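Contents: one structure, followed by commentary.
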Amino acid sequence: MAKAKVAKRPTRDEFELEELGNQLVEAYHERSEVLLTVWGKEEQVQGVIVKLDSRTRLVHVELTEEELMAKVPFLDIMRVESPRY
């Protein structure tokens with residue numbers, strides 16, 4: 000039986016990853032709300048970054064609406080935006 004083809008995560012160069020990292024660090028230090036576009040998820044993740052874990056490469060986001068925690072792999076984050084109200 001053949002394995003189902005899974006779409007590969009788009010590759011990005013080191014400059015794109017560095018810029019993304021800078022945006023995440025800035026949002027973390029300012030405790031500002033972010034809207035993350037995550038590869039493989041249809042809905043965006045919205046909340047405040049409460050931890051940047053360099054060991055596991057996870058970004059811990061406290062979700063705005065449910066007061067839950069989401070752990071998003073850094074390499075799966077495609078875009079960081081400020082939410083528009």
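Just so you know, the sequence shown maps onto residues 0 to 84 in numbering that gives the first Met the number 0.
Backbone N, C-alpha and C fix where the C-beta goes; we use that ideal spot for every residue, glycine too.
Only a predicted model underlies this, so the values are computations on that prediction, with no experimental measurement involved.
Alpha-carbon to alpha-carbon, residue j and residue i
| i | j | result |
| --- | --- | --- |
| Glu80 | Val33 | 6 Å |
| Asp75 | Ser53 | 15 Å |
| Thr10 | Met77 | 10 Å |
| Glu13 | Glu25 | 18 Å |
| Tyr27 | Pro82 | 15 Å |
| Glu41 | Glu66 | 20 Å |
| Asn21 | Ala6 | 27 Å |
Sub-8 Å separation of residue i and residue j beta-carbons
| i | j | result |
| --- | --- | --- |
| Leu51 | Leu23 | yes |
| Val37 | Leu57 | no |
Sequence-distant residues of the same chain with beta carbon closer than 8 Å to residue i, five excluded per side
| i | result |
| --- | --- |
| Leu62 | Val44, Gln45, Gly46, Met68, Ala69 |
| Arg8 | Trp38, Gly39, Leu74, Asp75 |
Contact belief for residue i with residue j at Cβ below 8 Å, rounded distance in angstroms
| i | j | result |
| --- | --- | --- |
| Leu35 | Val60 | 7 Å |
Cβ-based neighbour list, residue i, same chain, cut-off 6 Å, excluding 5 preceding and 5 following
| i | result |
| --- | --- |
| Val49 | His59, Glu61 |
Beta-carbon contacts of residue i that lie in its chain and below 7 Å, excluding the five residues immediately before and after
| i | result |
| --- | --- |
| Arg30 | Val47 |
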